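Take 1 as the starting number for the sequence shown in full-length UniProt numbering and just add one per residue. Heads up, the beta-carbon is just placed ideally off N, CA and C, and yes, glycines get one too. All values reported here derive from a predicted model rather than from experimental measurement. These notes are about the structure you will find just below.
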Amino acid sequence: MKDPQPAAETSADLKVRCDACPVACWIRPGLSGACDRYANRDGELIRVDPHVILERTLDNGGRVVPFNQRKSEWAGEIVPEEELFVTAIGAGTTYPDYKPAPFIVSSQVDGVDMVTVVTEGIFSYCGVKVKVDTDRFLGPEQATVRAQGEAVGHVTTGEYGSQMLSLGGVHHLTGGSKKEGRVTCEALLDLSNGKPVELTIDDGSTIIVEAGKAPIINGVPEERMRVGCGSATIGIFAKQWFGKVDEVVVVDDHITGVLSEHASGKVLGIAPTGIKMRGRRSTPGRYFQVADPGTGWGGTSITDPLSILDPFDKTVARPGMTLFMVSTTGEHAAYFVLDENLKPVETEMPEVLRASTERIKENCEPALCTVLFIAGAGGSLRAGVTENPVRLTRSVKDTLTRVTCGGAPVYVWPGGGITFMVDVTRLPANAFGYVPTPALVAPIEFTLKLDDYAALGGHMDHVRRLGTLGDHDSNLVPPVEGNVWPYAAEGPSWGRGRS
Ligand code: SF4
């Protein structure tokens with residue numbers, strides 16, 4: 001059977017016109033179109049990359065397998081159908097949307113007739129959410145994030161040990177200059193395909209983001225995610241410090257902790273030390289805004305920890321008292337003894353506190369960048385699945401239809417539409433593409449019982465058996481390690497009585 005590639009007009013000089021997206025390229029023989037996804041091979045329009053079919057029983061041998069690296073070609077050999085999953089990677093796109101999706105494939109899974117509808121969706125409404133594990137100041141909330149000087153997103157909330165960035169979205173892709181749209185598309189594509197991207201943040205840092213790798217902030221690779229905020233660090237280690245030092249300050253941009261005043265210190269019976277902190281006292285032993293945010297101690301701007309202290313209370317403090325100051329990652333630590341004027345003097349750190357610093361470091365997880373691709377599949381793309389699109393949306397909400405992205409599990413947002421998010425490291429590498437409209441191209445699969453597909457108005461006359469796919473350019477690739485198999489029992493209750 002011929003692959004369901006887009007219809008193509010052919011000119012007298014053998015140029016073919018691709019109609020897989022609104023750009024409608026005329027492609028000369030031997031060349032590819034503007035997106036490099038389609039090419040003209042001897043006057044025939046072909047999808048350049050092989051179509052990826054996951055085979056569960058193949059040995060993985062590595063966590064992520066680039067889909068253009070052939071594990072094996074498939075010529076339709078007999079493999080149990082439940083061990084094969086047809087992804088949308090390399091499947092192609094149909095345009096305009098009322099045409100059926102490129103592949104609508106039926107198979108039997110545990111005795112139940114299933115169908116998987118796959119397409120490489122073109123997403124103008126898409127972006128990535130990036131979680132950067134760091135305490136360092138990347139930039140003010142709402143600051144513009146740039147790639148190649150163009151605005152591609154903004155800084156959003158700081159989370160527990162991480163800074164979130166929101167990149168892309170329809171406004172950057174389509175609402176700014178042509179260059180802004182092109183650069184945004186390029187940055188999203190690279191991030192989604194697991195490549196490093198350098199970003200600069202207005203009034204902030206320069207950062208290199210790469211999914212699954214440590215962020216590089218102002219040229220310095222981040223090593224650790226903090227063990228907790230300053231208050232939490234006090235809570236975790238208070239008992240281990242008790243009796244070994246008189247006072248501990250855990251320096252943190254958000255919540256700096258002070259042992260003697262903190263609930264943990266009170267419960268342990270630690271005596272007041274007369275310490276006086278700068279910043280705004282929240283609750284006992286917890287201080288906000290002790291310094292400006294920055295790339296110094298605990299995500300503050302300070303390089304001298306004593307700069308966040310006022311003079312000790314003379315009526316409480318006494319010469320010889322000891323003070324341990326440490327950051328939330330253990331990256332910075334110092335030990336002081338009060339002199340006769342109650343001034344802290346840095347002194348060599350006792351071994352027991354050195355070990356405590358190492359314990360803090362040991363409890364920090366490696367700092368990583370996480371990239372989640374987010375896109376809206378609740379629009380016209382649904383017409384390639386069914387003639388009555390809202391039924392697909394309802395079917396997804398009712399968990400009768402499972403949505404996957406390149407075979408990877410996705411999170412579908414509650415509420416209207418089919419807005420999904422996927423961890424890009426869960427897909428085979430280079431699974432994303434683009435078209436110069438500009439928009440991202442992402443694989444998306446809808447899997448449901450064949451009966452349910454018929455009931456929701458599916459394109460039943462385009463359903464083909466899985467076994468017929470062996471005669472087109474497809475690759476058998478192992479699933480990404482750790483992914484739930486798309487037919488696994490969790491999720492939709494196929495074959496267990498639901499109709
Ligand atoms: S950009 Fe790609 S998909 Fe769009 S018409 Fe050109 S070759 Fe086809």
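Query, Result
"Host beta strand (DSSP E) of residue 477 (start-end)", "474-477"
"Residue 121 CB to nearest heavy atom of the ligand SF4 below 7 Å", "no"
"Counted within 10 angstroms of its Cβ, other Cβ atoms place residue 414 as buried (16 or more) or exposed", "exposed"
"Alpha-carbon to alpha-carbon, residue 323 and residue 193", "48 Å"
"Euclidean distance between Cα positions of residue 315 and residue 274", "7 Å"
"Closest by C-alpha distance to residue 142, when choosing among 151, 148, 132, 155", "155"
"Start-end ranges of the alpha helix (DSSP H) lying completely within the stretch 366-442, minimum 4 residues", "389-397"
"Proximity of residue 116 and residue 86 at Cβ, strictly below 8 Å", "yes"
"Nearest candidate by alpha-carbon position, reference residue 159, set 144, 131, 138, 166", "131"
"Pick from 435, 23, 55, 249 that is closest to residue 344, judged by C-alpha positions", "249"
"Cβ-heavy atom distance, residue 25 to the ligand SF4, below 7 Å", "yes"
"Residue burial classification, residue 269 (beta-carbon count within 10 angstroms, cutoff 16)", "exposed"
"Beta-carbon gap between residue 293 and residue 285 smaller than 8 Å", "no"
"Completely contained beta strand (DSSP E) runs for the stretch 192-270, where each covers 3 or more residues", "197-201, 206-209, 247-251, 256-258"
"Residue 182 CB to nearest heavy atom of the ligand SF4 below 7 Å", "no"
"Residues that DSSP places opposite residue 322 in a beta bridge", "337"
"Closer than 7 Å: residue 34 CB and nearest the ligand SF4 heavy atom", "yes"
"Beta-bridge pairing of residue 179 - partner residues as DSSP gives them", "The partner list for residue 179 (beta bridge, DSSP) is empty, contrary to what the question assumes."
"Nonlocal neighbours in the same chain, by C-beta distance under 6 Å from residue 499, ignoring five residues either side", "In this prediction, residue 499 has a pLDDT of 31, which is less than 50 and means its spatial position is unreliable; nothing more can be read from the coordinates."
"Under the three-state DSSP convention, the category residue 112 falls into", "strand"
"Buried versus exposed call for residue 497 [16 or more other C-beta atoms within 10 Å across all chains shown]", "Any reading at residue 497 must be qualified, since the residue scores a pLDDT of 36, below 50, and its modelled position is unreliable; the value itself is stated next. With fewer than 16 other Cβ atoms within 10 Å, it is exposed."
"Proximity of residue 401 and residue 446 at Cβ, strictly below 8 Å", "yes"
"Heavy atom of the ligand SF4 within 7 Å of residue 18 beta-carbon", "yes"
"Backbone CA spacing between residue 317 and residue 242 [nearest angstrom]", "18 Å"
"Inter-residue spacing [alpha-carbon to alpha-carbon] between residue 484 and residue 54", "12 Å"
"Residue environment, residue 125, which counts as buried when at least 16 other CB atoms sit within 10 Å", "buried"
"Rounded separation between residue 82 and residue 153 - CA only", "41 Å"
"Beta-carbon separation (whole angstroms), residue 21 vs residue 480, contact threshold 8 Å", "About 27 Å; that fails the 8 Å criterion."
"Alpha-carbon spacing of residue 381 relative to residue 458, whole angstroms", "13 Å"
"Close beta carbons around residue 409, own chain, < 6 Å, minus the five adjacent residues each side", "484"
"Cβ-based neighbour list, residue 29, same chain, cut-off 6 Å, excluding 5 preceding and 5 following", "14, 40"
"Three-state class that DSSP yields for residue 468 in the structure shown", "helix"
"Closest by C-alpha distance to residue 307, when choosing among 453, 278, 186", "278"
"Alpha-carbon spacing of residue 175 relative to residue 247, whole angstroms", "55 Å"
"For residue 430 and residue 199, the rounded distance between their alpha carbons", "21 Å"
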